[in-house]
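In the numbering used here, the protein residues as written are 59 to 791. We put the beta carbon where it would ideally sit given N, CA and C, even for glycine. Reading through the structure tokens given below for one structure.
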Ligand SMILES: [Zn+2]
């Protein structure tokens, strides 16, 4: 799904200063008036010189290994402090006024759900990993007179779980349009996900299980079927069949719908809910804002439409020679073998069909394998462009002039997006990728995405095509639960869109706009943690919380915490492990921690489970002599509950600069830290975050003195040090 339009203006964030009730004893130690437990005791810190030297070694080692900031001037010999006078205290402990202020709260390791034989401690699927399988055969007819879809569906459901199932759940998403649906009360009628007063919903008849008639128990958009015969574990199968119909809403909550002669059809057949090891049946209803969670299988479907219509669909068209003219079928063949864009249906051919009724009907037969869903679109006057890359057919279908001339570039843009994400993570595993222009602003399905109309400018549709096609990786290939964890599809997608946009438009950077969007929700009080289920995020904050905050924090994780090469490797490993499977948040967190070798509990807690913001300050700088050498002391303070590794650039009085990195562990017991650093000459200025890809919300306290210049906003171009992974399959477990 596409986010709301980016509002790029920068909004400074204001935070009320934290008031702490403190007193100071006669030795200058801070004491709490509230009483403090053992973990909150003040420490006069006799300042462990050896430990501090070690920390510096760690800091500089880290900086050297990191690949981000460079240590321009070597400034440390490890045992340097061994014979020098003990440096002054490095920590000033302030007792916390709340849990959020508790310095231990932010840096405690995070305990994920217990690992198991299904999901391992390292974040990979375990030796007993299982997931259900749902294969569908569908035959549907689009009636353009009463604007209705009627069909039959047969679902072969395979229970690979170790559990005997006595009932199953299906999703009936069209029931969002039944009067009184849950979603109609949650999202205002005229809003993006609202029902706009449309009355529809599934009409289901002839429900059967294994050929025997039965009744389902329908609750809003979910239906439970109680089984006469229990479905046996580890391979037990049953077949569910039914006839169904629904009136096609004009505004299908911005996920499907119609616009005059154009039909954009999705959520169009009863689909199996997911039964998994994490939650059993996932039965959150479809309310509109939260997307989908579906099992994998093969879907064979036939769509019968008026004879003059052209249909685009998920999967591979099985009967092109039956539904296209010979010339068009030949062009489609040619497009599948060339990187040039071929007009399968030309502008003239499309124009000739506009407004003309051709009697009769034609059935378009598609087959999609290893997918979680299928969708399709139909119109009488589609133009159809196609090209290919590495055996993958890329297509764009659009109506002229309604869609805007930009769409003449859409096949190329589709190819570009698929190539880019194939290069970043894993080669695109499907035979084709299609972009369709329409009234849905942006919505993704396997092998087919819906993208809003454009203008005359090709760039007017690029970011949406790029975003929706990016969803082929998250969640179409890596099949997370979107309704529960929007950041695992929209967030990952927004993260990777940064790379794609920067490759397409060299010299640009996505991070500042992501950060600005996040700041706005903090300012206007609409923020919620990234872990908030999709339907419970404030609709006005959806763009920030589901998309840009996760995009920003993942970019920061890559740029400023684990390093670019390591993050790219971790993402590839995550994609490799979970392609065509169902990862949970912990599987991602564990994978990143295992690949990077870092305990990132503080990071997940800060940015995924909490709503606090990062604000680290340089409070002051002092120079002194130690053993005849210049030593600079930089007084750092973290103004919020969130710790972060400190990266700073020092400017010396000869105008040279040097970059220093301090590990996040400096904040383990404190919110104050004095970094003691040997330097050649006097330090005249300091800047935190010389690479500005760190989400510190208050830049005013990030500089001291004659601060050195920051880097220009670093592009996020993905590391190219390792190849993307191959899709799992025969010979590639
Ligand atoms: Zn999206």
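In its chain, beyond the 5 residues on either side, 176 have a beta carbon closer than 6 Å to the beta carbon of residue 187. A direct Cα-to-Cα measurement between residue 389 and residue 401 gives close to 7 Å. The straight-line gap separating the alpha-carbon atoms of residue 238 and residue 604 is approximately 27 Å. Only residues of its own chain outside the window of five on either side were considered, and among them 731 have a CB closer than 6 Å to the CB of residue 724, listed in chain order. Counting only residues of its own chain and dropping the five nearest sequence neighbours on each side, residue 602 has a CB closer than 7 Å to the CB of 575, 576, 578, 579. Boundaries cannot be given for residue 586, as no alpha helix (DSSP H) includes it and DSSP labels it neither H nor E. Spatial neighbours of residue 285 in its own chain (CB-CB distance under 8 Å, excluding positions within 5 residues in sequence) are listed in chain order as 223, 224, 225, 226, 267, 296. With contacts defined as CB atoms closer than 8 Å, residue 673 and residue 754 qualify as a contacting pair.
In terms of Cα proximity to residue 281, the closest of 256, 244, 327, 247 is 327. Rounded to the nearest whole angstrom, the CA to CA distance from residue 635 to residue 183 is 7 Å.
Ranked by Cα distance from residue 478, the options 272, 556, 404, 702 are led by 556.
Note that the C-beta distance between residue 312 and residue 251 is below 8 Å.
From the listed residues 516, 619, 595, 550, the smallest Cα separation to residue 563 is found for 516.
Short note on residue 502: C-beta closer than 7 Å to some heavy atom of ligand 1. If you keep only unbroken beta strand (DSSP E) runs of at least 3 residues inside the stretch 532 to 558, you get nothing at all.
Scanning the stretch 327 to 399 from its first residue to its last, the whole alpha helix (DSSP H) runs of 4-plus residues come out as 378 to 381, 384 to 393. In the DSSP secondary-structure assignment, residue 445 is bridged to 452. Look at the beta carbons and you see the stretch 618 to 635 touching the stretch 644 to 657: at least three pairs across the two are nearer than 8 Å.
If you draw a 10 Å sphere on the C-beta of residue 459, you find fewer than 16 other C-beta atoms in it, and that means exposed. Proximity of the beta carbon of residue 548 to ligand 1 is indicated: a heavy atom of the ligand is located closer than 7 Å. Distance from the C-beta of residue 551 to the nearest heavy atom of ligand 1 is below 7 Å. Taking 8 Å as the cut-off, the beta carbon of residue 352 is found closer than this to the beta carbon of residue 431. The straight-line gap separating the alpha-carbon atoms of residue 178 and residue 729 is approximately 35 Å. Sequence-distant partners of residue 525 (beyond 5 residues in either direction) whose C-beta falls short of 7 Å from its own C-beta, in its chain, are 60, 500, 551, 555.
Straight across, the Cα-Cα distance linking residue 269 with residue 668 is about 50 Å. Listed in chain order, the non-local C-beta contacts of residue 293 below 8 Å within the same chain comprise 216, 217, 218, local neighbours out to five positions each way being set aside.
Distances from the alpha-carbon of residue 303 to those of 264, 330, 260, 322 put 260 closest.
The beta-bridge partner set that DSSP reports for residue 277 consists of 280. Under a 10 Å Cβ-count criterion, residue 718 is classified as buried, with 16 or more other Cβ atoms of the shown protein chains found around its own Cβ. One thing to note: residue 491 has its Cβ no nearer than 8 Å to the Cβ of residue 444. Within the same chain, and ignoring the five residues on either side of residue 463 in sequence, the residues whose Cβ sits closer than 7 Å to its Cβ are 514. Taking 7 Å as the cut-off, one finds no heavy atom of ligand 1 near enough to the beta carbon of residue 543. Under the DSSP assignment, residue 678 falls in the beta strand (DSSP E) whose first and last residues are 674 to 684. Residue 422: member of the beta strand (DSSP E) spanning 419 to 429, first to last residue. Under the three-pair Cβ rule at 8 Å, the stretch 341 to 360 does not count as touching the stretch 403 to 418. In this structure, the beta-carbon distance from residue 425 to residue 354 does not fall below 8 Å.
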